[in-house]
């Protein structure tokens with residue numbers, strides 16, 4: 059009974075944060091692993107450590123912090139696969155109807171995947187999950203100026219990678 | 003526009019994009035993973051804290067093995083090999099007499115007890131892939147199938163409390179959508195006459211499910227039967243998953259174990275169900291709606307509904323052809339190539355070509371990575387797609403052509419008996435020609451389960467004080 063109410067409380071708290079968390083996870087591991095797996099694994103750990111959550115307001119940062127650690131701890135890099143070959147690409151089905159927007163976002167996420175881990179985390183938390191620089195610094199356990207620097211360099215590199223004259227857009 | 007501005011625009015788009023994995027889907031997977039990890043933890047405590055009990059069990063197993071050996075002839079040795087990465091164990095028995103009999107009994111015994119203990123005791127909290135509900139249910143589903151084939155005692159899946167609650171919730175959502183005639187789920191096809199098979203046919207207005215019935219919906223029905231104790235009906239309605247292997251041979255093995263049961267395929271159309279199963283689904287749905295209305299009271303905008311059922315051929319053709327206006331596909335008024343519009347087998351299909359601006363070369367669609375559309379080209383049309391992946395027709399109905407062929411009745415013009423089974427619109431295994439509205443591939447007389455056949459439901463709808471009649 060107790061665990062069921064804990065589960066309900068947890069999901070209640072999670073529901074309003076779902077969209078932001080989903081976007082973050084999807085962008086973070088785009089084309090390299092199933093973001094649903096990352097989400098579920100992070101949620102399970104978050105549930106286990108739910109009692110350590112100090113404030114309900116920081117639930118999303120709590121979740122994202124866990125997902126970042128999950129990725130680095132499991133050394134997922136070695137298991138990663140890429141979308142470079144046609145066979146694996148064909149497994150990425152986009153089910154929405156907004157084709158143009160989806161194509162743009164597809165390339166954005168692919169290129170974000172090429173940034174360094176720190177830059178990737180900073181950019182995604184700032185631009186996609188909507189955290190400010192201060193919150194970003196706390197989650198990543200670094201200074202605000204570091205976050206600013208990573209954002210600046212990350213965006214610069216991303217601009218180059220995006221090559222806005224690509225023929226495929 | 004500067005690059006910075008372009009980036010900002012892109013981020014704004016990404017931020018505004020709808021989530022592809024809904025909260026409900028995430029919560030379902032999370033709950034089932036949680037229940038699995040709990041049971042795994044229980045075993046962990048059991049084995050590590052009470053090692054004495056463990057040793058006792060091992061002792062009993064060894065004793066029973068030696069007892070069996072003593073009773074069934076002489077055995078020279080028992081070798082246990084570890085083949086592969088610590089996961090696959092093979093027991094090799096060398097005997098002089100009763101070889102076959104002994105081998106079966108002992109292998110079963112070792113696998114059933116000692117191996118189960120060793121894998122469970124080292125189980126940690128695992129990521130979704132290995133412990134999600136799908137795997138659990140897949141095991142349940144394959145058990146069902148096996149026992150069906152072997153004609154032994156039927157093994158029914160045992161639902162946990164969480165699964166039962168989730169099933170009730172899903173059922174309630176389905177019933178609510180029907181009672182309130184949710185426009186996201188059902189589309190109204192107005193009454194009217196149109197030319198059909200050379201005659202003018204009148205069809206009464208009806209509601210049609212916008213998408214094909216999904217695995218999740220069908221599973222909800224099956225599990226509800228189980229919860230209600232209607233086990234015989236469950237056995238009849240359960241999908242025949244062996245059909246995957248029958249039609250796809252080796253490639254079908256994965257789908258046999260996962261397609262219906264893994265939560266990842268929740269929103270894919272249900273296939274491999276018999277006509278009888280689909281009709282049972284309809285009648286279950288009708289009964290449950292009546293119960294729901296009695297319990298919850300009648301909704302504000304009173305309508306009277308006839309029973310939920312499969313469509314008759316004129317109804318289906320009317321919905322797909324826009325009252326006979328469209329002659330080949332349900333999207334004829336849209337000029338995009340077929341591969342953008344529907345899921346079908348592209349064997350022999352002329353793929354559209356693009357010019358790569360950089361190289362100036364011609365690229366066939368499907369050969370370039372610049373594909374991120376719902377209707378991306380499957381070169382061999384290798385599976386169904388999530389329902390609603392492709393654009394709907396003007397009435398808001400998806401996948402009338404392609405994805406799965408839909409069950410209907412063809413009892414002739416003016417007759418509304420639920421006989422003469424057909425399946426219309428073609429599916430993922432059909433060619434471009436066979437997904438046309440008036441295609442000749444109608445699976446005439448086929449009532450058996452098939453991986454290319456699914457269904458969607460319709461119901462006649464009448465304003466409150468109208469007399470209820472068949473269309």
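Protein chains in written order, with this note's numbering: chain A, 59 to 227; chain B, 3 to 473.
Positions of the beta carbon are idealized from the N, C-alpha and C atoms, including for glycine.
query	result
Figure out for me which residue from B/5, B/242, B/228 has the closest Cα to the Cα of residue 236 of chain B.	B/228
Whose Cβ in chain A lies nearer than 9 angstroms to the Cβ of residue 31 of chain B?	94, 97, 98, 101
Let me know if residue 221 of chain A comes out buried or exposed under the rule of 16 or more other beta-carbons within 10 Å of its beta-carbon.	exposed
Could you tell me if residue 256 of chain B is buried or exposed, where buried requires 16 or more neighbouring beta carbons within 10 angstroms of its beta carbon?	exposed
Taking 7 angstroms as the limit between beta carbons, can you name the residues of its chain near residue 105 of chain A, skipping five residues before and five after?	68
Tell me, please, whether the CB atom of residue 13 of chain B is closer than 8 angstroms to any CB atom in chain A?	yes
Per DSSP, residue 195 of chain B is paired with what?	B/204
According to the neighbour-count rule (16 or more other Cβ atoms, all chains shown, within 10 Å of its Cβ), is residue 6 of chain B buried or exposed?	exposed
Strictly below 9 angstroms CB to CB, what residues from chain A border residue 168 of chain B?	Within chain A, no residue comes near residue 168 of chain B; the closest Cβ sits about 12 angstroms away, beyond 9 angstroms.
Please list, in chain order, the chain A residues whose beta carbon lies closer than 8 angstroms to that of residue 16 of chain B.	81, 85, 163, 166, 167, 185, 186
What are the start and end residues of each continuous alpha helix (DSSP H) run of 4 or more residues lying completely inside the segment 60–136 of chain A, in chain order?	60–72, 76–86, 93–106, 117–131
By DSSP, does residue 394 of chain B sit in helix, in strand, or in coil?	coil
To which residues of the same chain is residue 79 of chain A closer than 6 angstroms at the C-beta, ignoring the five residues directly before and after it?	121
Can you pull out the residues from the segment 233–258 of chain B whose beta carbon lies closer than 7 angstroms to at least one beta carbon of chain A?	none
Does the beta carbon of residue 471 of chain B come closer than 8 angstroms to any beta carbon on chain A?	Summary for residue 471 of chain B: the model assigns pLDDT 37, below 50, so the residue's position carries little reliability; its value from the coordinates is reported in the next sentence. False, the Cβ-Cβ gap to chain A never drops below 8 angstroms.
Within 8 angstroms (strictly less), CB to CB, does residue 117 of chain A reach chain B?	no
Residues of chain A with CB under 8 angstroms from residue 36 of chain B, in chain order?	65, 102, 105
Could you check if residue 310 of chain B is buried or exposed, using at least 16 other CB atoms within 10 Å of its CB as the buried criterion?	buried
Under a three-way DSSP split, which group does residue 275 of chain B fall into?	coil
Under three-state DSSP, which class holds residue 385 of chain B?	coil
Taking only beta-carbon atoms, is residue 209 of chain A less than 8 angstroms away from chain B?	no
On the three-pair Cβ rule with 8 angstroms, is the segment 204–213 of chain B touching the segment 239–254 of chain B?	no
Just tell me which of A/84, A/110, A/71, A/74 has its CA closest to the CA of residue 179 of chain A.	A/84
Closer than 8 angstroms by C-beta to residue 271 of chain B: which residues in its own chain qualify, once you throw out the five before and the five after it? Chain order, please.	213, 214, 215, 216, 217, 386, 389, 401, 405, 406, 456
For a quick check, are the C-beta atoms of residue 452 of chain B and residue 260 of chain B less than 8 angstroms apart?	no
What is the DSSP secondary structure of residue 4 of chain B, counted as helix, strand or coil?	coil
Thinking residue 198 of chain A and residue 205 of chain A are a contact (beta carbons under 8 angstroms), I'd like their distance in whole angstroms, please.	7 angstroms
Tell me whether residue 456 of chain B sits in a helix, a strand or coil according to DSSP, three-state version.	strand
Short of 8 angstroms in beta carbon distance, which residues of its chain neighbour residue 284 of chain B, apart from the five on each side in sequence? Order them along the chain.	309, 310, 311, 312, 459
Which of the three DSSP states is assigned to residue 451 of chain B in this structure?	coil
Does the separation of the CB atoms of residue 392 of chain B and residue 344 of chain B fall below 8 angstroms?	yes
By Cβ distance, which residues of its chain are closer than 6 angstroms to residue 129 of chain A, with the 5 residues on each side in sequence left out?	none
Please classify residue 87 of chain A: is it buried, with 16 or more other beta-carbons within 10 angstroms of its beta-carbon, or exposed?	buried
Counting Cβ pairs, one atom from each stretch, are 3 or more of them under 8 angstroms apart for the segment 171–186 of chain B and the segment 427–441 of chain B?	no
By the criterion of Cβ-Cβ separation under 8 angstroms, what are the contact partners of residue 213 of chain A in chain B?	6, 9
When you compare the CB of residue 69 of chain A with every CB in chain B, is at least one pair closer than 8 angstroms?	yes
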